[in-house]
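Residue numbers (my numbering), protein chains in the order written: chain X, 49 to 126; chain Y, -18 to 67; chain Z, 1143 to 1219.
What follows is one structure encoded as structure tokens, with my remarks underneath.
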């Protein structure tokens, strides 16, 4: 396979473990760690030449971060 | 080694060296100039790596985006834009 | 894309991942995440997907700015 596949797979596994077991259990740490496996999945999709999946996933991941940010802000206000 | 390969090798060496400096730096504010160096070097890599007329558009988009990002980080560390009028 | 550039971009991605996981300060994590993005974009360009590279390079700072909104509101208090 191409080097994109192996690098992306390593980031996917390492980032998922970092989201599941973060160093300090705050929401912002998990939110920033959540972006690591997102880029890993992007690289794995790239190694399989899925152009439409790449385009859609890139747009939706930013939207997901926005939704999580609104949720964290609402939870901190209460 | 052709001139393009030499240029792209120099760019990627600068980028990796600057990433090492980011890893070794303790102060957050002192990391930001090295982040800018990484962005400039990667912009050079993107512009050289593929001989296609639209490559310069992708390089310009990445340049604008990364500069905006590091400016936003520095502005948030400094306290945000609202404190200027006090 | 020759071997030196591939190895350099893979090194950038691995440095970014390790630093993002290991740092404690949120701003340091965002800076390391930016290094990770800087390693990913040349892989997309080298495959020839220039439109996707443009869109991704413009979307990545957007999600960082969304995350900074939380940190800015926390810093105000």
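Ideal placement from N, C-alpha and C gives every residue a C-beta, glycine not left out.
Could you tell me whether the Cβ of residue 1185 (chain Z) comes closer than 8 angstroms to any Cβ of chain X?
yes
Figure out for me which residue from Y:12, Y:-1, Y:58, Y:37 has the closest Cα to the Cα of residue 22 (chain Y).
Y:-1
What does the Cβ neighbour count give for residue 1164 (chain Z), buried or exposed, with the cut at 16 atoms within 10 Å?
exposed
Give the straight-line distance between the Cα atoms of residue 68 (chain X) and residue 115 (chain X), rounded to the nearest whole angstrom.
19 angstroms
Neighbour flag for residue 1192 (chain Z) against chain X, beta carbons, 8 angstroms
Judged by the 8 angstroms Cβ criterion, residue 1192 (chain Z) is not in contact with chain X.
Residue 56 (chain X) vs residue 1198 (chain Z) beta-carbon contact at 8 angstroms
no
Any C-beta of chain Z under 8 angstroms from that of residue 66 (chain Y)
Note that residue 66 (chain Y) has pLDDT 46, beneath the 50 cutoff, so the model's placement of it is unreliable and no number is given.
For residue 103 (chain X) and residue 1194 (chain Z), believed in contact at Cβ under 8 angstroms, the rounded distance
6 angstroms
Can you pull the chain X residues whose beta carbon is under 7 angstroms from the beta carbon of residue 1196 (chain Z), in chain order?
In chain order: nothing, as chain X lies at least about 10 angstroms away.
State the start and end residues of the unbroken alpha helix (DSSP H) segment that holds residue 43 (chain Y).
36 to 58
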